[in-house]
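Q: Below: one structure in structure tokens.
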Amino acid sequence: MLHIISPEDRRAAERDRRIARARAEARPSAQALVAEAGRAGNGGPPMLASAAEIRAIGELLYGRRWTTELAEALGEDPRQVRRWLSGEAAVPDRAVRWSREAARRRAREILALVGDEA
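And the structure:
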């Protein structure tokens, strides 16, 4: 059976793609979040809001589709992680602590593999 897409459906699909592309481009990367937070500091770790920190760590640990993997590692529902990111719910301190420890553990593993020479 041949499915013909109407011009209206085609325009709606194209509009949805443009909106998704614009949202992805407007969202700063994890590296940009950390760099921006580090500019105003005194040389210590950058000060990020909990949701921004969770996002930066999750993206750097797990890549582009990090929310599900981070949620599984935290024992949370992926929808709950998205609620944290949208500001709909507060990020629990335990989630921030765990994500920081996971990032430190990954950094140690990488440094053990490649060395820490600059």
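Taking the UniProt record's numbering, the leading residue of the sequence shown gets 1, the next gets one more, and so forth.
Glycine residues also receive a C-beta, built at the ideal position from the N, C-alpha and C atoms.
What distance in whole Å lies between the Cβ atoms of Thr67 and Arg83, which are believed to be in contact at a cut-off of 8 Å?
A: Wrong, their Cβ atoms sit about 11 Å apart, outside the cutoff.
Q: Quick one, are the C-beta atoms of Ile54 and Val96 less than 8 Å apart?
A: In contact: Ile54 and Val96 (Cβ atoms closer than 8 Å).
Q: Let me know if residue 121 comes out buried or exposed under the rule of 16 or more other beta-carbons within 10 Å of its beta-carbon.
A: An answer regarding residue 121 cannot be provided, because it is not within the stretch 1 to 118 covered by the chain.
Q: So Gly58 is in the alpha helix (DSSP H); what residue range does that whole segment cover?
A: Its alpha helix (DSSP H) spans residues 50-62.
Q: By the three-class DSSP mapping on this structure, what secondary structure does Arg65 have?
A: Coil at Arg65, not helix or strand.
Q: Give me, in chain order, the residues of the same chain whose beta-carbon lies closer than 6 Å to that of Ile58; leave out the 5 immediate sequence neighbours on both sides.
A: Per the sequence presented here, residue 58 reads as Gly, with Ile not at that position. The answer, listed in chain order, is Trp66, Leu70.
Q: Please go through the UniProt region "Disordered" (1-24) and give each complete beta strand (DSSP E) segment of 3 or more residues, from N-terminal end onward.
A: Here no run is fully enclosed.
Q: Taking a contact to mean a Cβ-Cβ separation below 8 Å, would you say Arg106 touches Leu61 in this structure?
A: Yes, the Cβ-Cβ distance between Arg106 and Leu61 is below 8 Å.
Q: Do you know how far the Cα of Pro92 is from the Cα of Asp116?
A: Roughly 32 Å separates the two Cα atoms.
Q: Using a threshold of 8 Å, state whether the C-beta atoms of Ala56 and Gly87 are closer than that.
A: Cβ atoms of Ala56 and Gly87: not closer than 8 Å.
Q: For Arg10, which residues of its own chain have a beta-carbon under 7 Å away from its beta-carbon, when the five flanking residues on both sides are left out?
A: Within the same chain, Arg10 has no close Cβ partners at all.
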